[in-house]
Amino acid sequence: MVRAEDVHKSFGRLEVLKGIDLAVRPGEVMCVIGPSGSGKSTFLRCINHLEKINGGRLWVNGRLVGYRQKGDRLYEMREREVAAQRRDIGMVFQRFNLFPHMTALGNVMEAPVQVKGLPKAQVRERAVALLDRVGLADKRDAYPAQLSGGQQQRVAIARALAMEPALMLFDEPTSALDPELVGEVLEVMKQLALDGMTMIVVTHEIGFAREVGDSLVFMDGGVVVEQGRPRDVIENPQHPRTQDFLSKVL
Ligand code: ADP
Ligand code: MG
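See below:
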């Protein structure tokens with residue numbers, strides 16, 4: 000579903016990704032941890048075409064997104080295909096960024112109607128089912144301001160799922176939540192994982208990574224320092240930087 004080979008990304012002279020090698024198979028849940036500024040969000044944004052890589056190779060959903068080896072010309076996916084691919088990738092951010100002037104149902108219906116041009120009645124039926132799936136059947140007419148952070152984040156997940164994505168990216172989806180609201184969002188994500196969704200989850204929730212993740216990646220300073228089965232990385236980290244980070248978050 001995702002393959003990165005020696006992926007590099009710079010902003011001006013600041014090199015943020017310094018050669019990332021990763022692979023995510025269909026149905027896999029990969030969790031990514033690491034200190035602030037290590038390039039986790041940038042990597043997700045490259046997968047979702049919000050940033051373009053400067054070097055290495057990146058495939059998403061079986062298609063080459065970007066490619067540059069030393070001395071070669073840069074290959075970039077055509078805009079048309081980028082747009083098509085972005086429709087197949089759902090992303091949930093730390094901040095819920097729902098459309099404030101739309102109800103929960105309106106938020107979930109928006110993209111399938113506007114982007115895919117599907118008939119409203121059909122989209123509505125699916126949106127109702129999705130809100131039910133994230134435990135918000137009774138909140139479909141509520142506006143974001145009337146919902147708790149955890150409820151808003153669950154609407155955001157339903158909204159992403161409405162596009163029937165092949166891949167879901169989560170960027171610290173619970174970091175902005177009050178502690179008592181974290182569990183309800185993680186539970187929805189866990190169910191999604193059990194349903195077979197391919198997911199990349201940047202998170203500081205080590206318990207979630209251990210229980211739900213198939214693999215765990217520790218990033219620091221723009222490189223993958225360590226990766227493996229979550230239990231192995233958490234209980235028996237090999238690299239001193241991983242040990243140091245885990246000792247601070249556990
Ligand atoms: P993380 O998500 O691991 O905290 P980020 O990927 O957000 O890290 O950021 C990695 C580094 O890249 C940081 O130093 C950040 O300031 C820088 N950065 C991210 N986006 C941009 C941008 N659009 N322009 C310049 N610098 C950026
Ligand atoms: Mg980040």
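Heads up, the sequence shown is in the working numbering, so the first residue is 0 and it goes up one at a time.
Using N, Cα and C, we set each Cβ at its ideal position, and we do this for glycine too.
If you draw a straight line from the C-alpha of Val181 to the C-alpha of Arg139, how long is it? 21 Å
What is the DSSP secondary structure of Ser54, reduced to helix, strand or coil? First, the amino acid is wrong: residue 54 is Gly here, not Ser. In this structure, Gly54 counts as strand in the three-state DSSP scheme.
Whose beta carbon lies closer than 5 Å to any heavy atom of the ligand ADP, going through the chain in order? Phe10, Val15, Ser35, Gly36, Ser37, Gly38, Lys39, Ser40 and Thr41
Mind listing, in chain order, the continuous alpha helix (DSSP H) runs of no fewer than 4 residues lying wholly within the segment 86 to 118? 103 to 113
Please report the distance separating the alpha-carbon of Val187 from that of Gly89. 15 Å
Chain-order list of residues whose beta-carbon lies under 7 Å from that of Arg44 (same chain, five-residue window excluded): Glu50
Of all the beta strand (DSSP E) runs that stay within the bounds of the segment 14 to 44, which reach a length of 3 or more residues? 28 to 32
On the DSSP letters alone, give me the boundaries of the beta strand (DSSP E) that Lys197 sits inside. The residue asked about is misnamed: residue 197 is Thr in this sequence, not Lys. That run of the beta strand (DSSP E) goes Thr197 to Val201.
Could you give the distance in angstroms between the alpha-carbon of Glu171 and the alpha-carbon of Lys39? 10 Å
Please indicate yes or no: does the CB of Asp170 lie closer than 7 Å to some heavy atom of the ligand MG? yes
Sort Ala144, Val184, Lys8 and Met198 by Cα distance to Pro164 and report the nearest one. Met198
Which word fits Pro99, buried or exposed, when buried means at least 16 other C-beta atoms lie within 10 angstroms of its C-beta? exposed
First through last residue of the beta strand (DSSP E) which encompasses Gly61: Per DSSP, Gly61 belongs to no beta strand (DSSP E) and is neither H nor E.
Since Gly61 and Met76 are thought to touch, with beta carbons under 8 Å apart, how far apart are those beta carbons, to the nearest angstrom? Rounded, the Cβ-Cβ distance is 12 Å, inconsistent with contact.
Integer Cβ distance of Val224 from Thr241, believed to fall under 8 Å: 6 Å
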